[in-house]
Amino acid sequence: MKLPLYRLAFFALALSLGAGRAEAQPSPGWRRVEVPATGAYFWRYVPEGYDASKPAPLALFFHGAGTIPDGYRNFVAGAADKAGLVVAMPKSSGVGWGTGLDEQTVAETLRLVREELPVDARRIALAGHSAGGAWAYLLAYASADYSAVFTLAAPFYPVASLADPAYKPPIRMYYGTTDPNYAGAFPGLKSQWNRLGVTWEEDVRAGYGHNTWPNAAMADGFAFLVRQSRPDPAAGLCVPSATTLCLRDGRFRIEVLRESNGELGPGSVVPFSSADSGLFSFFGPDNWELLVKVLDGCVLNGHYWVYSAATTDVRYVLTVTDTKTGHSARYENQAGKPAPARTDVKALPGCP
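For the sequence shown, position 163 (counting from the first letter as 1) is numbered 351 according to the numbering used here, and the numbering increases by one without interruption.
Right, dumping it as structure tokens:
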């Protein structure tokens with residue numbers, strides 16, 4: 189049977205639109221993608237439940253020295269599913285990272301992923317294991333493109349300054365206590381981030397070595413990356429939710445993670461607040477645990493102040509972010525210790 193030309197044209201259009209939809213909605217799982225520009229490749233993972241109708245958070249994960257990304261797929265997939273995170277794992281051009289064509293491979297990986305699916309430009313993070321973890325933080329703080337960093341067993345490399353002092357990507361660091369880098373690198377990295385004003389979190393697990401970690405460590409690290417975002421210059425406001433408190437006309441975003449059964453999870457905002465104060469509950473809506481205030485101290489010392497008081501000995505991490513500048517202040521209470529009252533009058537620069 190011979191079809192009229194207009195019908196052939198219609199079928200051709202339908203096929204092309206169908207192909208476009210298929211590209212816009214990649215199937216969950218792994219896909220190997222070649223990088224012809226550098227002769228490298230990367231593995232791209234789309235999590236279960238991926239929604240192509242909205243931009244996805246993305247993490248570039250860098251393998252350790254002397255390895256390839258293929259060996260990390262089993263560790264990454266479950267954590268990416270839990271966090272709702274797209275992951276791309278490029279292969280380095282040498283034994284480690286930072287030589288040859290690595291920066292071009294990273295740029296091409298990002299470009300190719302963006303061609304395949306919509307990426308949230310404010311939530312592009314870097315992560316890695318060992319030397320790959322060091323490459324992640326070196327690359328993140330040498331640019332103004334990334335939202336956060338997650339490292340596993342990373343060695344120490346000096347970072348003298350930040351390419352973007354207005355937004356300092358927070359970093360989460362995992363170490364096992366039998367890993368040589370735990371004693372050799374971790375203390376220096378904490379001091380370095382404190383000097384640079386970078387917000388950091390730690391995840392230290394007893395008995396684990398350089399190449400081992402519990403599944404929860406990867407899952408918690410990916411969840412940390414998804415929670416971070418670069419400030420939106422167009423909006424610049426906090427979006428309130430059941431776990432996000434917004435103060436001072438939406439400029440300041442307050443979030444709390446509290447520990448339960450050995451894992452960190454979000455605290456809940458108590459549905460009562462003033463312009464500069466709010467409350468969180470940890471385990472039940474009637475059990476209020478934490479009061480947080482953000483005060484304008486600009487006239488006195490050029491900073492916004494953060495005050496908090498809690499009635500708990502549960503481990504929690506309080507993060508206060510200025511959505512206008514991207515600056516964050518982080519406070520942690522250790523498990524088993526009564527939480528102290530805090531009066532940080534140099535919490536956040538960036539007045540007015």
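Glycine residues also receive a C-beta, built at the ideal position from the N, C-alpha and C atoms.
Exposure label - residue i; buried when at least 16 CB within 10 Å
i      : result
Ala228 : buried
Lys525 : exposed
Arg209 : Low confidence applies to Arg209: its pLDDT is 40, below 50, so where it sits in the model is not reliable enough to give any reading.
Val533 : exposed
Asp239 : exposed
Residue i to residue j span [Cα, whole Å]
i      : j      : result
Ala330 : Asn521 : 31 Å
Asn475 : Ser469 : 6 Å
Leu433 : Glu304 : 34 Å
Pro224 : Thr293 : 9 Å
Pro528 : Gly453 : 21 Å
Phe460 : Thr366 : 46 Å
His251 : Thr511 : 32 Å
Tyr519 : Arg503 : 11 Å
Reference residue i; option with closest CA among the options
i      : options                        : result
Tyr345 : Asn449, Leu305, Ala322         : Ala322
Ser260 : Gly272, Ala244, Lys279, Lys270 : Going by the sequence as given, residue 260 is Tyr instead of Ser. Closest option to Tyr260, Cα to Cα, is Lys279.
Gly282 : Gly272, Thr255, Leu326, Tyr492 : Thr255
Val458 : Val480, Asn449, Glu447         : Val480
Ser516 : Trp285, Tyr495, Tyr355, Glu236 : Tyr355
Pro473 : Leu488, Ser456, Val487         : Ser456
Ser335 : Phe412, Asn369, Leu289, Ala265 : Phe412
Arg441 : Ser448, Asn449, Val427, Glu451 : Val427
Val392 : Trp381, Asn382, Ala404, Arg383 : Ala404
DSSP beta-bridge partners of residue i
i      : result
Glu296 : Glu296 is not bridged to any residue.
Ser469 : Ser456, Trp476
Phe344 : Phe344 is not bridged to any residue.
Lys481 : Ser465, Tyr495
Span of the alpha helix (DSSP H), counted from its first residue to its last, around residue i
i      : result
Leu536 : Premise fails: Leu536 lies in the beta strand (DSSP E), 530–536, not in any alpha helix (DSSP H).
Asn449 : Neither: Asn449 is in no alpha helix (DSSP H) and is coded neither H nor E.
Ala523 : No alpha helix (DSSP H) holds Ala523; DSSP gives it neither H nor E.
Asp308 : That residue, Asp308, is in no alpha helix (DSSP H); its beta strand (DSSP E) goes 307–317.
Residue i - containing beta strand (DSSP E), residue span
i      : result
Leu246 : 244–250
Ser215 : It is not in any beta strand (DSSP E) - Ser215 carries neither H nor E in the DSSP assignment.
Asp391 : 388–393
Tyr504 : 504–510
Gly364 : 359–364
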